Amino acid sequence: MDRRHFFQSTSLVTTGALVGCALPGVAQQQAKTPFTVPAITVPIVGSDEVFPVRRIYCIGRNYRAHAIEMGSNPDREPPFFFQKPTDAIQFVPPGTVADHPYPTLTKNYHYEAELVAALGRGGRNISVEQALDYVYGYSLGLDMTRRDLQRAMGDEKKPWEIGKSFDKSAPIGAIHKLAQTGHFTKGSIWLNVNGKTKQKADLSQMIWSVAEQISKLSQAFELFPGDIIYSGTPENVGPVVRGDVIEMHIDGLPNLSVKIV
Ligand code: MN
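Going by our numbering, the sequence shown opens with residue 2, and the numbers climb by one from there.
Printed below as a string of structure tokens:
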């Protein structure tokens with residue numbers, strides 16, 4: 002190998018190593034890209050900053066009556082989590098009714114009203130006692146679900162993605178900083194369709210609290226600022242069709258509304 006080849010290959014390896022080792026969230030690319038991929042962000046109430054979303058985690062079956070309606074035993078099962086891609090986010094400004102597209106491939110499209118916790122710090126093996134120190138703020142959101150596809154895949158022991166992790170499957174309101182709301186350990190959570198109550202429960206009925214969710218998640222994944230957690234839905238999930246208007250509420254946050262189109 003001549004000197005020129007040696008330096009070229011060294012340079013390539015160095016570049017690759019720099020990109021590979023860079024921390025998530027840190028501007029890392031000096032190379033030009035052939036196209037741009039938009040950063041996924043959610044507005045922060047009372048701020049000109051926006052919250053950058055790194056990952057979307059969702060907990061499954063976190064209210065006793067919902068766990069039962071989904072066919073599991075809430076007394077025996079440890080928490081389980083799945084993810085949605087960050088570009089599943091559909092930001093819904095407070096006071097508006099956003100158009101939400103009925104997705105392809107499903108004939109049983111379900112709402113799930115959920116509290117969302119947004120992390121401002123990251124870590125591994127976070128204790129339950131310290132977990133709430135990692136919360137930046139809160140919002141509310143819908144874990145929209147192609148229930149027929151989720152069930153079919155579950156029955157076949159195949160991955161859930163097509164039922165849960167599709168485009169625009171994560172409508173969300175603005176992020177409220179912790180100082181604006183405090184932590185959410187109790188309070189009403191409800192969801193109406195066309196003005197008729199469908200889901201109604203209290204956040205205190207969560208099987209695993211937000212603190213416990215953060216702690217459990219941090220055993221499985223290294224958490225980072227920008228991670229958000231959909232904290233599970235109460236019982237009485239159900240279908241919507243085109244033309245329906247969903248309104249959801251959590252005490253202490255502005256309501257979130259979408260129209261299925
Ligand atoms: Mn859910």
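Idealized CB from N, CA, C, for every residue including glycine. Given the structure is predicted, the values throughout are model-derived calculations rather than measurements.
Would residue i be called buried (16 or more neighbouring beta carbons within 10 Å of its own) or exposed?
| i | result |
| --- | --- |
| residue 7 | For residue 7, the pLDDT reaches just 37, beneath the cut-off of 50, and the residue's location in the model is therefore unreliable, leaving the point undetermined. |
| residue 257 | buried |
| residue 234 | buried |
| residue 195 | exposed |
| residue 160 | exposed |
| residue 244 | exposed |
| residue 47 | exposed |
| residue 199 | buried |
| residue 167 | buried |
| residue 32 | exposed |
| residue 170 | buried |
| residue 52 | buried |
May I ask you to list the residues that DSSP assigns as paired with residue i?
| i | result |
| --- | --- |
| residue 207 | 64 |
| residue 137 | In DSSP, residue 137 forms no bridge with anything. |
| residue 249 | 192 and 257 |
| residue 92 | 173 |
| residue 117 | 140 and 231 |
| residue 99 | 259 |
| residue 85 | 57 |
| residue 240 | 111 |
| residue 52 | 43 |
Is residue i near residue j, with beta carbons less than 8 Å apart?
| i | j | result |
| --- | --- | --- |
| residue 120 | residue 49 | no |
| residue 141 | residue 113 | no |
| residue 64 | residue 208 | yes |
| residue 218 | residue 82 | yes |
| residue 92 | residue 38 | no |
| residue 216 | residue 132 | yes |
| residue 178 | residue 85 | no |
| residue 220 | residue 126 | yes |
| residue 60 | residue 90 | no |
| residue 118 | residue 232 | yes |
| residue 236 | residue 115 | no |
| residue 1 | residue 138 | Here the chain has residues from 2 to 262 only, and residue 1 is not among them. |
| residue 34 | residue 56 | no |
| residue 193 | residue 157 | no |
| residue 189 | residue 100 | no |
Three-state secondary structure (DSSP) at residue i?
| i | result |
| --- | --- |
| residue 165 | helix |
| residue 146 | strand |
| residue 214 | helix |
| residue 45 | strand |
| residue 127 | coil |
| residue 40 | coil |
| residue 180 | helix |
| residue 198 | strand |
| residue 155 | helix |
| residue 32 | coil |
| residue 22 | Bear in mind that the predicted position of residue 22 carries a pLDDT of just 42, short of 50, making it unreliable; the figure below should be weighed with that in mind. In this structure, residue 22 counts as helix in the three-state DSSP scheme. |
| residue 70 | helix |
Between residue i and the rest of its own chain, which residues show a CB-CB distance below 6 Å, the 5 nearest in sequence each way excluded?
| i | result |
| --- | --- |
| residue 68 | 62 and 75 |
| residue 250 | 191 and 256 |
| residue 201 | 191 |
| residue 80 | 60, 209 and 217 |
| residue 238 | 111 and 113 |
With a CB to CB cut of under 8 Å and the five nearest residues on each side skipped, what residues in its chain are close to residue i?
| i | result |
| --- | --- |
| residue 108 | 149 |
| residue 96 | 255 |
| residue 110 | 103, 104, 145, 146, 147, 148, 240, 241, 242 and 261 |
| residue 136 | 118, 119, 120, 121, 179, 184, 211 and 215 |
Considering only residues of the same chain and omitting the five flanking positions on each side of residue i, which have a CB-CB separation below 7 Å?
| i | result |
| --- | --- |
| residue 186 | 204, 205 and 210 |
| residue 212 | 129, 132 and 133 |
| residue 98 | 246, 258, 259 and 260 |
| residue 151 | 161, 164 and 165 |
| residue 154 | 160, 161, 163 and 164 |
| residue 124 | 135, 219 and 224 |
Within 8 Å (strictly less), CB to CB, does residue i reach chain B?
| i | result |
| --- | --- |
| residue 92 | In the structure shown, chain B does not exist; there is a single protein chain. |
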